[in-house]
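Asker:
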Amino acid sequence: MTKKIGLLMVLVLVLSSLLVGCGTGKEAAADNNSKVASGAEVESYTLEGIKEKGKIILGTSADYPPFETHAIIDGKDQIVGFDIEIAKYIAEELGVELEIVDMEFDKLLGGLETGMLDMVIAGMNPTPEREKEANFTDIYFETTHTVLIHKDSASEITTVEDLKGKHIGVQMGTTQEEVAKTIENAEILSLSTNPDIVMNLKTKKIHCAIMEKAVAQSFAKANDDLMVVEGVTLDSGAEGVAIAVKKGNDELTEKLNEIIADLKAQGLLEKWYVEANELYN
Numbered sequence: 043m044t045k046k047i048g049l050l051m052v053l054v055l056v057l058s059s060l061l062v063g064c065g066t067g068k069e070a071a072a073d074n075n076s077k078v079a080s081g082a083e084v085e086s087y088t089l090e091g092i093k094e095k096g097k098i099i100l101g102t103s104a105d106y107p108p109f110e111t112h113a114i115i116d117g118k119d120q121i122v123g124f125d126i127e128i129a130k131y132i133a134e135e136l137g138v139e140l141e142i143v144d145m146e147f148d149k150l151l152g153g154l155e156t157g158m159l160d161m162v163i164a165g166m167n168p169t170p171e172r173e174k175e176a177n178f179t180d181i182y183f184e185t186t187h188t189v190l191i192h193k194d195s196a197s198e199i200t201t202v203e204d205l206k207g208k209h210i211g212v213q214m215g216t217t218q219e220e221v222a223k224t225i226e227n228a229e230i231l232s233l234s235t236n237p238d239i240v241m242n243l244k245t246k247k248i249h250c251a252i253m254e255k256a257v258a259q260s261f262a263k264a265n266d267d268l269m270v271v272e273g274v275t276l277d278s279g280a281e282g283v284a285i286a287v288k289k290g291n292d293e294l295t296e297k298l299n300e301i302i303a304d305l306k307a308q309g310l311l312e313k314w315y316v317e318a319n320e321l322y323n
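Going by this note's numbering, the sequence shown opens with residue 43, and the numbers climb by one from there.
1. Do the stretch 234 to 249 and the stretch 176 to 183 touch if we need at least three Cβ pairs shorter than 8 Å?
2. With DSSP run on the structure shown, which of helix, strand or coil describes residue 236?
3. I believe residue 284 touches residue 166 by the beta-carbon criterion, under 8 Å. Please report the beta-carbon distance rounded to the nearest angstrom.
4. Could you spell out where the alpha helix (DSSP H) holding residue 178 opens and where it closes?
5. CB of residue 204 to nearest heavy atom of the ligand ATP: below 7 Å?
6. Within 10 angstroms of the Cβ of residue 111, are there 16 or more other Cβ atoms? Answer buried if so, exposed if not.
7. Under DSSP, the alpha helix (DSSP H) around residue 276 begins and ends at which residues?
8. Kindly list the residues whose CB is nearer than 7 Å to the CB of residue 271, restricted to its own chain and excluding five residues on each side of it in sequence; keep chain order.
9. DSSP three-state label for residue 212, please.
10. For residue 85, I'd like the list of residues in its chain whose CB is within less than 6 Å of its CB, leaving aside the five on either flank, ordered along the chain.
11. Would DSSP call residue 318 helix, strand or coil?
12. Given that a residue counts as buried once 16 or more other Cβ atoms are within 10 Å of its Cβ, and exposed if not, what is residue 137?
13. May I ask you to list the residues that DSSP assigns as paired with residue 229?
14. Do residue 222 and residue 210 have their C-beta atoms closer together than 8 Å?
15. By the three-class DSSP mapping on this structure, what secondary structure does residue 182 have?
16. So who's on the other strand from residue 313, going by DSSP bridges?
17. With residue 318 and residue 147 assumed to form a contact (beta carbons below 8 Å), what rounded beta-carbon distance in angstroms separates them?
18. Does DSSP put residue 296 in a helix, a strand or coil?
19. Going by other Cβ atoms of all chains shown within 10 Å of its Cβ, with 16 needed for buried, is residue 168 buried or exposed?
20. Please classify residue 108: is it buried, with 16 or more other beta-carbons within 10 angstroms of its beta-carbon, or exposed?
21. Please report the residue range of the beta strand (DSSP E) in which residue 251 lies.
22. Mark residue 308 as exposed unless 16 or more other C-beta atoms lie within 10 angstroms of its C-beta, in which case mark it buried.
23. To the nearest angstrom, how far is it from the Cα of residue 293 to the Cα of residue 130?
24. Going along the chain, which residues of its own chain have a beta-carbon closer than 6 Å to the beta-carbon of residue 301, five neighbours each way excluded?
25. According to DSSP, is residue 267 part of a helix, a strand, or is it coil?
26. If you scan the stretch 77 to 121 from start to end, which runs of the alpha helix (DSSP H) of 4 or more residues do you find wholly inside it?
27. Within 10 angstroms of the Cβ of residue 128, are there 16 or more other Cβ atoms? Answer buried if so, exposed if not.
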C-alpha cells in the first residue's frame, strides 16, 4: 500500500510539472503575441523616437571650418561652427538634448542607414547619388567650390585650365572629389580630413586642393603660406548644402524644413555664418 501511494505521488508531481511547463510556454507565447499586436517599437531616429529618447544624435565631420571644427573654449576641446549652431537650434525646437558624433565624412550616410545617427549636418551637398541613400532637407546655405594653393604656386595656377595634369588634394567621399575626377589628367589624392589635405599642400606634396569656398578661405586665413585662387569656381552640379536624415524619414524631414524656413526668416543663418568665420579666423 505504501509503495502504491508513493508511486501515485510521483505521478502527480510529474503531471504537475508538465502542466506548469505548458503554462509557461503559453504565457510566453501570449506575451510575444501581445508585442506583435501592439506594433513594432518606435524607431529611435524618427521624430517620435527622438522625442521619446530625449536627444537627437548629430553626425558631423569636424574638420570643415567654418561649418564645423574643433576649438579650445574655456580650456576644453569643443566642436563649434555654423552647422553646430543650427543643430543646437533644432534640438531646442524639438525640446531634446543634442549629442554630437564626430566621424569621417564618407562614413556619415552609413551612420544614418544603420540608425546610429538621427541627422547629418556637415556641409553636405544633396547630390543625386546621395539622395538615393538619404532624405535631404531644403538647402540652408548656398555654396561654390574653389581652389586652394600654396602661395609659391600663385603664378602657376590662375585658371581652371591650369589644373590639368596637377596633383590635386580632396576630401574622400565629397563632391570636391567628384569635381576633381572631371579634370583632365589630374592626379587625385583623396584623404579623410581637410587638415591632412592642408598639410600636404603646405609641404608641397600636392599642387592644390579643391574645397568649398568658405572652407578654403578659412584655411587661407589661418595659414599665411596658402591662398585661394581668385576668380576660379568649379561646378559640382549640386550647389548648396542640406541636412540629411535616414531614407524615408519623411516626418523628420518636414519638421527640419519648417525649422530651416524659420531660421531664414529670422536672419539667424547669416548671423551664425559670420560668427563662425570670426571664431575660426
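We put the CB at the ideal spot given by N, CA and C, even for glycine.
Answerer: In short:
1. No, the stretch 234 to 249 is not in contact with the stretch 176 to 183.
2. Start at 1 with the first residue of the sequence shown, and residue 236 comes out as number 194. Assignment of residue 236 by DSSP, reduced to helix, strand and coil, places it in the helix class.
3. One-based indexing of the sequence shown puts residue 284 at position 242. One-based indexing of the sequence shown puts residue 166 at position 124. Your pair residue 284 and residue 166 checks out as a contact, with CB atoms roughly 7 Å apart and the cut at 8 Å.
4. Against the sequence shown, residue 178 aligns to sequence position 136. Looking at the DSSP string, residue 178 is not in any alpha helix (DSSP H); the run it does join, the beta strand (DSSP E), is 176 to 178.
5. The ligand ATP is not part of this structure, which contains no ligands at all.
6. As a working note, residue 111 is residue 69 in the sequence shown. By the neighbour-count definition (other C-beta atoms within 10 Å, threshold 16), residue 111 is a buried residue.
7. Locating residue 276 in the sequence shown gives position 234, where the first residue counts as 1. That residue, residue 276, is in no alpha helix (DSSP H); it is neither H nor E in DSSP.
8. For the purposes of this step, residue 271 is taken as residue 229 along the sequence shown, with counting starting at 1. Result list for residue 271: 188, 189, 191, 199 and 200, in chain order.
9. Residue mapping note: residue 212 aligns to position 170 of the sequence shown, counting from 1. Residue 212 falls in the strand class under three-state DSSP.
10. Residue mapping note: residue 85 aligns to position 43 of the sequence shown, counting from 1. The residues are 91.
11. Your numbering for residue 318 matches position 276 in the sequence shown. If DSSP states are grouped into helix, strand and coil, residue 318 belongs with the helices.
12. Translated into the one-based positions of the sequence shown, residue 137 becomes position 95. With fewer than 16 other Cβ atoms within 10 Å, it is exposed.
13. Here residue 229 refers to the residue found at position 187 when the sequence shown is read from its first residue. Here residue 229 is bridged, per DSSP, to 209.
14. Here residue 222 refers to the residue found at position 180 of the sequence shown. Here residue 210 refers to the residue found at position 168 of the sequence shown. The answer is yes: Cβ separation under 8 Å.
15. By 1-based counting over the sequence shown, the position of residue 182 is 140. Three-state result, residue 182: coil.
16. On the sequence shown, residue 313 is found 271 positions in, with the first residue counted as 1. For residue 313, which the question treats as bridged, DSSP gives no partner whatsoever.
17. Here residue 318 corresponds to residue number 276 of the sequence shown, with the count starting at 1. Here residue 147 corresponds to residue number 105 of the sequence shown, with the count starting at 1. The pair is not a contact, with the Cβ atoms about 18 Å apart (cut-off 8 Å).
18. In the sequence shown, the residue the question calls residue 296 occupies position 254. Of the three classes helix, strand and coil, the one that applies to residue 296 here is helix, per DSSP.
19. Reading the sequence shown from its first residue, position 126 is the one you call residue 168. Buried is the call here.
20. Translated into positions along the sequence shown, residue 108 becomes position 66. Buried.
21. Reading the sequence shown from its first residue, position 209 is the one you call residue 251. Per DSSP, residue 251 belongs to the beta strand (DSSP E) from 250 to 254.
22. The residue given as residue 308 occupies position 266 in the sequence shown. Exposed.
23. Residue 293 sits at position 251 when you count from the first residue of the sequence shown. Residue 130 sits at position 88 when you count from the first residue of the sequence shown. Computed Cα separation, rounded: 19 Å.
24. In the sequence shown, residue 301 corresponds to position 259, counting from 1. For residue 301, same chain residues with a beta-carbon under 6 Å away, outside a window of 5 residues either side, are 132 and 135 in chain order.
25. Numbered from 1 along the sequence shown, position 225 holds the residue referred to as residue 267. It is coil, neither helix nor strand.
26. Taken in chain order, the complete alpha helix (DSSP H) segments of 4 or more residues contained in the stretch 77 to 121 are 89 to 95.
27. Here residue 128 refers to the residue found at position 86 of the sequence shown. With 16 or more Cβ atoms within 10 Å of its Cβ, residue 128 is classed as buried.
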